[in-house]
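Asks: Plus 2 on top of the position in the sequence shown (first one is 1) and you've got this note's numbering. Glycine included, every Cβ here is placed at the ideal spot set by N, Cα and C. The model shown is predicted, which means the values in this text are computed figures rather than measured ones. Please find one structure pasted underneath; my questions will follow.
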Amino acid sequence: MSTYNELLKKVDKKNLPAHVAIIMDGNGRWAKKRHLARVKGHEQGSKVVKSIVETASNLGIDVLSLYAFSKENWNRPREEVDALMQLLHRYLLVESNNLIKNGVRLSIIGDLKSLSPTLRELISDVRIRSKNNTGTRVVIALSYSGRYEIVEAVKAVINDVQRKKIAVEDVNEDVFAGYLFTKGLPDPDLLIRTSAEKRISNFMLWQIAYTELYITKTLWPDFTKEEFLKSIISFQKRERRFGMTGDQLISQQDSSRGHSLNE
Ligand code: IPE
Ligand code: IPE
Ligand code: MG
3 MSTYNELLKK VDKKNLPAHV AIIMDGNGRW AKKRHLARVK GHEQGSKVVK SIVETASNLG
63 IDVLSLYAFS KENWNRPREE VDALMQLLHR YLLVESNNLI KNGVRLSIIG DLKSLSPTLR
123 ELISDVRIRS KNNTGTRVVI ALSYSGRYEI VEAVKAVIND VQRKKIAVED VNEDVFAGYL
183 FTKGLPDPDL LIRTSAEKRI SNFMLWQIAY TELYITKTLW PDFTKEEFLK SIISFQKRER
243 RFGMTGDQLI SQQDSSRGHS LNE
């Protein structure tokens with residue numbers, strides 16, 4: 003097994019994904035394997051959040067977005083939902099000073115009005131306290147649904163058209179993206195999903211059009227900073243074609259290399 007430092011040497015620091023998104027799945031199965039209550043899996047999972055945020059920040063990743071709770075997750079048993087909300091509350095309360103000290107900018111995306119007023123207050127406080135930081139932006143998706151986000155964006159566009167702030171003809175993909183919760187952020191380059199499920203579960207549907215996927219069997223509470231590096235190394239070996247042919251990419255690289263030689 004490679005150590006963190008060995009793996010770190012294999013990471014090309016000039017070709018880091020600007021935005022890494024993670025579907026943190028498998029807490030319940032982790033607990034079940036140990037005959038523990040599901041909430042114990044969530045507790046362990048929140049410790050892993052801390053370690054991965056630190057790793058991303060040390061590496062210099064611009065954006066790390068973490069899917070923590072979906073709108074559909076509200077349909078889980080009441081005790082589990084309550085325990086998750088308490089954990090999130092505790093995470094923000096306990097971790098925020100440390101995060102802010104490390105230069106992290108923290109924001110939350112999702113249907114925030116469905117959260118409790120105390121949690122909303124805490125979210126707004128952490129966002130304000132970290133907004134002038136210049137380090138990694140950590141975006142936590144909470145009560146989030148990609149379809150909901152798109153519908154809300156459509157409603158906001160219609161509103162602006164009706165108020166004549168924009169014309170229908172001006173609406174294009176870039177303009178539309180500016181109405182999403184992720185306004186101003188680059189699309190994810192890499193999406194990690196733990197615990198082997200090969201699905202998107204309503205996460206960033208618009209934004210992941212050309213995102214590279216890394217699906218691992220590892221359950222989220224067992225995910226390590228070493229595996230985070232492995233996912234980046236795997237990403238860096240891929241050829242992202244964006245609909246073009248492989249040969250086109252090679253000639254593009256050659257001509258940009260030519261440019262830099264002539265400079
Ligand atoms: C991910 O773990 C955390 C949330 C969805 C809140 P799960 O709780 O979904 O764990 P599994 O999928 O049941 O193992
Ligand atoms: C996706 O996991 C949501 C989060 C990780 C927060 P789920 O466990 O809710 O997804 P499904 O139900 O297996 O698709
Ligand atoms: Mg799950």
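In angstroms with no decimal places, state the Cα-to-Cα distance between Ile-102 and Ile-235.
Replies: Here residue 102 corresponds to residue number 100 of the sequence shown, with the count starting at 1. Here residue 235 corresponds to residue number 233 of the sequence shown, with the count starting at 1. Those two C-alpha atoms are separated by around 28 angstroms.
Asks: Straight-line CA distance for Asp-191 to Phe-178?
Replies: The residue labelled residue 191 in the question sits at position 189 within the sequence shown. The residue labelled residue 178 in the question sits at position 176 within the sequence shown. Rounded to the nearest angstrom, the two C-alpha atoms are 19 angstroms apart.
Asks: Looking at C-alpha atoms only, which residue of Arg-78, Glu-74, Asn-7 and Lys-167 is the closest neighbour of Asn-60?
Replies: Translated into positions along the sequence shown, residue 60 becomes position 58. Nearest option by C-alpha distance: Asn-7.
Asks: With which residues is Tyr-216 paired in a DSSP beta bridge?
Replies: Residue 216 sits at position 214 when you count from the first residue of the sequence shown. For Tyr-216, which the question treats as bridged, DSSP gives the partners Ile-194.
Asks: May I ask you to report which of helix, strand or coil DSSP gives Val-13?
Replies: Within the sequence shown, the letter at position 11 stands for residue 13. Reduced to three states, the DSSP call for Val-13 is coil.
Asks: Since Ala-33 is in the alpha helix (DSSP H), which residue starts that stretch and which ends it?
Replies: To locate residue 33, count along the sequence shown from 1; it is residue 31. Here the alpha helix (DSSP H) through Ala-33 covers 29 to 35.
Asks: Give a single yes or no on whether Asp-27 has its beta carbon closer than 7 angstroms to a heavy atom of ligand 3.
Replies: In the sequence shown, counting from the first residue as 1, residue 27 sits at position 25. For ligand 3, at least one heavy atom lies less than 7 angstroms from the Cβ of Asp-27.
Asks: Counting only runs that start and end within the segment 141 to 169, where is the alpha helix (DSSP H) found for 4 or more residues in a row?
Replies: Segments of the alpha helix (DSSP H) lying fully in the segment 141 to 169: 148 to 164.
Asks: Between the alpha carbons of Gln-304 and Thr-5, how many angstroms are there, rounded?
Replies: Since the first and last residues shown for the chain are 3 and 265, residue 304 lies out of range.
Asks: For Arg-259, name the three-state secondary structure that DSSP assigns.
Replies: Here residue 259 corresponds to residue number 257 of the sequence shown, with the count starting at 1. In this structure, Arg-259 counts as helix in the three-state DSSP scheme.
Asks: Provide the residue span of the alpha helix (DSSP H) that contains Leu-95, from first to last.
Replies: If you number the sequence shown from 1, residue 95 lands on position 93. 80 to 103 is the span of the alpha helix (DSSP H), which, as asked, contains Leu-95.
Asks: Closer than 8 angstroms is the cut-off here; do at least three beta carbon pairs connect the segment 214 to 231 with the segment 78 to 98?
Replies: Taking 8 angstroms as the limit for Cβ pairs, the verdict is that the segment 78 to 98 does not touch the segment 214 to 231.
Asks: Got a sec: does ligand 2 put a non-hydrogen atom nearer than 7 angstroms to the Cβ of Glu-74?
Replies: Locating residue 74 in the sequence shown gives position 72, where the first residue counts as 1. Yes, ligand 2 has a heavy atom inside 7 angstroms of this Cβ.
Asks: What do you reckon, are the CB atoms on Arg-139 and Ser-109 nearer than 8 angstroms?
Replies: Working through the sequence shown from its first residue, we reach residue 139 at position 137. Working through the sequence shown from its first residue, we reach residue 109 at position 107. Yes. Within cutoff.
Asks: Whose C-beta lies closer than 7 angstroms to the C-beta of Asn-135 among residues of the same chain, with five residues either side of it excluded?
Replies: For the purposes of this step, residue 135 is identified with residue 133 of the sequence shown, where counting begins at 1. Result list for Asn-135: Ile-102, Gly-105, Val-106 and Arg-107, in chain order.
Asks: Can you give the Cα-Cα distance for Leu-95 and Leu-124, rounded to whole angstroms?
Replies: Reading the sequence shown from its first residue, position 93 is the one you call residue 95. Reading the sequence shown from its first residue, position 122 is the one you call residue 124. Those two C-alpha atoms are separated by around 8 angstroms.
Asks: Give me the DSSP bridge partner(s) of Arg-139.
Replies: Within the sequence shown, residue 139 is the residue found at index 137, counting from 1. Its beta-bridge partners are Val-65 and Arg-107.
Asks: Name the two residues that bound the continuous beta strand (DSSP E) containing Val-22.
Replies: Residue 22 sits at position 20 when you count from the first residue of the sequence shown. Counting along the chain, the beta strand (DSSP E) containing Val-22 begins and ends at 21 to 25.
Asks: Please check the pair Thr-196 and Thr-218, which I expect to be a contact at CB under 8 angstroms, by giving their CB distance rounded to whole angstroms.
Replies: For the purposes of this step, residue 196 is taken as the residue at position 194 of the sequence shown. For the purposes of this step, residue 218 is taken as the residue at position 216 of the sequence shown. Sure, about 6 angstroms apart at Cβ, within 8 angstroms.
Asks: Report yes if the CB atom of Ala-58 is closer than 8 angstroms to the CB atom of Val-22, and no otherwise.
Replies: Working through the sequence shown from its first residue, we reach residue 58 at position 56. Working through the sequence shown from its first residue, we reach residue 22 at position 20. Yes, the pair counts as a contact, with Cβ atoms nearer than the cut-off.
Asks: Do the segment 114 to 132 and the segment 151 to 160 make contact, defined as three or more Cβ pairs closer than 8 angstroms?
Replies: The answer is no - the segment 151 to 160 does not touch the segment 114 to 132, with fewer than three Cβ pairs under 8 angstroms.
Asks: Can we count Glu-266 as close to ligand 2, meaning its CB is less than 7 angstroms from some heavy atom?
Replies: The structure shown does not extend to residue 266, since the chain is modelled only from 3 through 265, so no value can be given for it.
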